[in-house]
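S.K.: Supplied in structure tokens, the structure appears directly below.
In full-length UniProt numbering, the protein residues as written are 1 to 139.
Next comes the structure, spelled out in structure tokens:
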């Protein structure tokens, strides 16, 4: 299968409160059994320990950002809500390091792609609960 034209690298959070685990397989199961997806909607999922899990193959269209899935890569970190379930940047140091390394590699593969947060494309969403466009502008 030919590679899609990728114009966006979209950062998401799982909207999981601090202290609550939502591992990769948990997220995948939720997407399949509760959302009716064929697979996890993201191409990458970063757990709190910084581990990067591959979701959908890059050649496959994701299911993570309405009207933008065809030309984007979806990257989600576990977290995004504080202990009271309010939006917050809950990325661990390990997640921050892994996300930076992953975005650098994806920019190497897709040099013209813009890095944005879900909120930048849908202002009704708080996701990813930090300003991804500003934080990664220099990549």
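Beta carbons are placed, not taken as given, at the ideal position from N, Cα and C, and that holds for glycine. Since we're looking at a predicted model, the values are computed, not measured.
(1) Can you check which of these residues, 10, 43, 91 and 94, is closest to residue 24 by C-alpha distance?
(2) Grab the span of the alpha helix (DSSP H) containing residue 169 for me, first residue to last.
(3) Report the rounded CA-to-CA distance for residue 123 versus residue 129, giving the unit in angstroms.
(4) Across the region 87–100 and the region 43–61, are there enough close Cβ pairs to call them in contact, namely three or more that are closer than 8 Å?
(5) Got a sec? Which residues, its chain only, sit under 6 Å from residue 61 by beta carbon, not counting five neighbours each side?
(6) Bridge partners for residue 46 per DSSP, in chain order?
(7) Have a look at residue 136 and residue 73 and give me their C-alpha separation to the nearest angstrom.
(8) Hey, could you find the ends of the alpha helix (DSSP H) residue 114 is sitting in?
M.R.: Considering the structure as presented:
(1) For this step, residue 24 is matched to residue 24 along the chain shown. Of the listed residues, the one whose Cα sits closest to residue 24 is 43.
(2) Outside the displayed span of the chain (1 to 139) sits residue 169, for which this structure offers no information.
(3) As a first step, residue 123 is located in the chain shown; it is residue number 123 there, counting from the start. As a first step, residue 129 is located in the chain shown; it is residue number 129 there, counting from the start. Between the alpha carbons of residue 123 and residue 129 lies a gap of roughly 11 Å.
(4) yes
(5) One-based indexing of the chain shown puts residue 61 at position 61. Within the same chain, residue 61 has close Cβ partners 69 and 70.
(6) Taking the first residue of the chain shown as 1, we reach residue 46 at position 46. Beta-bridge pairing links residue 46 to 52 and 77.
(7) Taking the first residue of the chain shown as position 1, residue 136 is located at position 136. Taking the first residue of the chain shown as position 1, residue 73 is located at position 73. Straight-line Cα distance between these residues: approximately 15 Å.
(8) Walking along the chain shown from the start, residue 114 turns up at place 114. Per DSSP, residue 114 belongs to no alpha helix (DSSP H); it is in the beta strand (DSSP E), 114–117.
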